[in-house]
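Novice: In terms of this note's numbering, the sequence shown opens at residue -3 and continues consecutively.
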Amino acid sequence: MQWKIPLSDLDFGPEEQAAVNAVLQSKWLTMGGVTEQFEQAFAAYVGARHAIAVTNATAGLHLACVAAGLAPGDEAILPSLTFVATANAVRYMGATPVFADIHSADDLNVSVRAIEKLITPRTRAILVVHYGGYACDMPSIIDLARERGLKIIEDAAHAVGSDLGGVHLGTWGDIGVYSFFSNKNMTTGEGGMVVTNDEAYAQRLRLLRSHGMTSLTWDRHKGHAWSYDVVDLGYNYRIDEIRAALGKVQLEKLPANNERRRHLTQVYRDVLFELSPQVHLPFARHAGTSAAHLLPALLPSGTNRPAFMEAMKAQGIQTSIHYPPIHTFTAYSTGAKYSLPITEEVAAREVTLPLYPTMPDEDVWKVVEAVAQALISV
-3 MQWKIPLSDL
7 DFGPEEQAAV
17 NAVLQSKWLT
27 MGGVTEQFEQ
37 AFAAYVGARH
47 AIAVTNATAG
57 LHLACVAAGL
67 APGDEAILPS
77 LTFVATANAV
87 RYMGATPVFA
97 DIHSADDLNV
107 SVRAIEKLIT
117 PRTRAILVVH
127 YGGYACDMPS
137 IIDLARERGL
147 KIIEDAAHAV
157 GSDLGGVHLG
167 TWGDIGVYSF
177 FSNKNMTTGE
187 GGMVVTNDEA
197 YAQRLRLLRS
207 HGMTSLTWDR
217 HKGHAWSYDV
227 VDLGYNYRID
237 EIRAALGKVQ
247 LEKLPANNER
257 RRHLTQVYRD
267 VLFELSPQVH
277 LPFARHAGTS
287 AAHLLPALLP
297 SGTNRPAFME
307 AMKAQGIQTS
317 IHYPPIHTFT
327 AYSTGAKYSL
337 PITEEVAARE
347 VTLPLYPTMP
357 DEDVWKVVEA
367 VAQALISV
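1) For the beta strand (DSSP E) holding residue 348, just list the boundary residues, first then last.
2) Nearest-angstrom Cα distance between residue 336 and residue 36?
3) Can you list, in chain order, the residues of its chain whose CB lies under 6 Å from that of residue 270, leaving out five sequence neighbours each side?
4) Quick test of your reading: residue 111 and residue 140, contact by CB under 8 Å. State the CB separation rounded to the nearest angstrom.
5) So what does DSSP say about residue 309, is it helix, strand or coil?
6) Between residue 169 and residue 149, is the Cβ-Cβ spacing less than 8 Å?
7) Out of 41, 373, 47, which one is the CA nearest neighbour of residue 202?
8) Within this structure, are the beta carbons of residue 192 and residue 171 separated by less than 8 Å?
9) For residue 120, which three-state DSSP category applies?
10) Do the stretch 54 to 68 and the stretch 316 to 335 make contact, defined as three or more Cβ pairs closer than 8 Å?
11) Going by CA-CA distance only, name the one from 60, 372, 242, 254 that's closest to residue 301.
12) Using only the alpha-carbon positions, how far apart do residue 331 and residue 88 sit?
13) Are residue 189 and residue 56 closer than 8 Å when you measure CB to CB?
14) Within a Cβ cutoff of 6 Å, which residues of the same chain sit near residue 102, ignoring the five residues on either side of it in sequence?
15) Give the straight-line distance between the Cα atoms of residue 120 and residue 145, rounded to the nearest whole angstrom.
16) Taking only runs that begin and end inside the stretch 97 to 168, name each unbroken alpha helix (DSSP H) of 4 or more residues, in chain order.
17) Taking the alpha-carbon positions, what's the residue 70 to residue 90 distance?
18) Do the stretch 93 to 101 and the stretch 243 to 259 make contact, defined as three or more Cβ pairs closer than 8 Å?
19) Contact between the stretch 257 to 274 and the stretch 79 to 87: three or more CB pairs below 8 Å?
20) Classify residue 228 as buried or exposed, calling it buried when 16 or more other Cβ atoms lie within 10 Å of its own Cβ.
21) In terms of residue numbering, what span does the beta strand (DSSP E) encompassing residue 192 cover?
22) Excluding the 5 residues preceding and the 5 following residue 352 in the sequence, name in chain order all residues of the same chain whose CB lies nearer than 7 Å to its CB.
23) Go ahead and label residue 281 buried or exposed: buried means 16 or more other beta carbons lie within 10 angstroms of its beta carbon, across all protein chains shown.
24) Could you tell me whether the stretch 307 to 314 touches the stretch 362 to 372, using the rule of 3 or more Cβ pairs below 8 Å?
25) Less than 6 Å between C-beta atoms, sequence neighbours within five positions excluded: which residues of the same chain meet that for residue 11?
26) Between the Cα of residue 115 and those of 262, 23, 75, 94, spot the shortest distance and give me the residue it belongs to.
27) Please name the residue, chosen from 288, 240, 329, 31, that lies closest to residue 13 on a Cα-to-Cα basis.
28) Start and end of the beta strand (DSSP E) containing residue 174?
29) Taking residue 74 and residue 125 to be in contact with their CB atoms under 8 Å, please state how far apart those CB atoms are, rounded to whole angstroms.
30) Looking at the strands, I want to know which residues DSSP matches up with residue 71.
31) What three-state label does DSSP hand residue 278 in the structure shown?
32) Per DSSP, which one or two residues make a beta bridge with residue 232?
33) Using the Cα positions of residue 349 and residue 160, report the straight-line distance between them to the nearest angstrom.
34) Taking 7 Å as the limit between beta carbons, can you name the residues of its chain near residue 283, skipping five residues before and five after?
35) Which residue or residues does DSSP assign as beta-bridge partners of residue 292?
36) To the nearest angstrom, how far is the alpha carbon of residue 315 from that of residue 303?
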């Protein structure tokens, strides 16, 4: 349907079109020089030594799990309140995802205390998710991981441009993964980036990205190699030049767009407090600078959420849910039973409201007025 106010929208203009046209005119479409430029620019932006562009963040998480050495019989601790790809990447390795509860209705990130209680001799890694672009308690998580000898993989899909203490989220742990899906703060349609400060990880990630081959088509095109060896069981997780070109332009727009997102988030807080104070917005107090990827709102307890969302739809306003907890999915319903009371209570009340950098301030008022009307009707 045609939404009056969509959940998200692209900030694309003539710059993106020109970048794509330049790639088409070059007649080199697969991973090459533009991808290298994008990786270098991204690494510089987040302050990482290495950035490896991939087909999507799911592929990036899989590569991160491979590089971190997850294996059958291992366990990795992660939140259930995240997109299923975070857990799927662990299962791709034959390892077991172990779900930890979140902090509270004010902080939807994974709880360090909950993580600590779940560590066993089989635990090999912690996968943290910076929900909505808001920072997990990385100093405490790193201290815990070092004490227990665990790897840290950051799912920073929501957090491109977020920082904590001046350090970009995604660069605190061993490996970080970002998403450039169509609804993300910067987008290439599909795409992702893996970052690390470890040289050995970087070499392995690059090797695994392209079939475990020692040279690429681009290397041979430039005359730097004439053949190749395959030295590892790799994958076809390469990005292409068109998406890399889009990524370069989107990266340039990111700081201003993230600032706009933060402004709109504050407008939401002010207007909701005035018109619908019974709706709770998490992360009122948070550490660091957020990319403000999502605007999660918690409806009053007992609200008929499907009816509320239908009432918003009737007013032309798109909403969503972030997320149905992974441990409640059919594919994850066998095996261990979890006690995640905070996750389940928050997930039952959460509705995501529209937020995107080209959204006018007055549309926030329209959304909140619709929220007030929808709550009355249900």
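We treat Cβ as the ideally placed atom computed from N, Cα and C, and that holds for glycine.
Predicted, not measured: the structure shown is a model, and the values here were computed from it.
Specialist: Walking through what the data contain:
1) 346 to 348
2) 40 Å
3) none
4) 7 Å
5) helix
6) yes
7) 47
8) yes
9) strand
10) no
11) 372
12) 17 Å
13) yes
14) 278
15) 8 Å
16) 108 to 114, 134 to 144
17) 8 Å
18) no
19) no
20) exposed
21) 188 to 192
22) 4, 5
23) exposed
24) yes
25) 245
26) 94
27) 240
28) 171 to 175
29) 7 Å
30) 92, 119
31) coil
32) 206
33) 25 Å
34) 131, 160
35) 348
36) 12 Å
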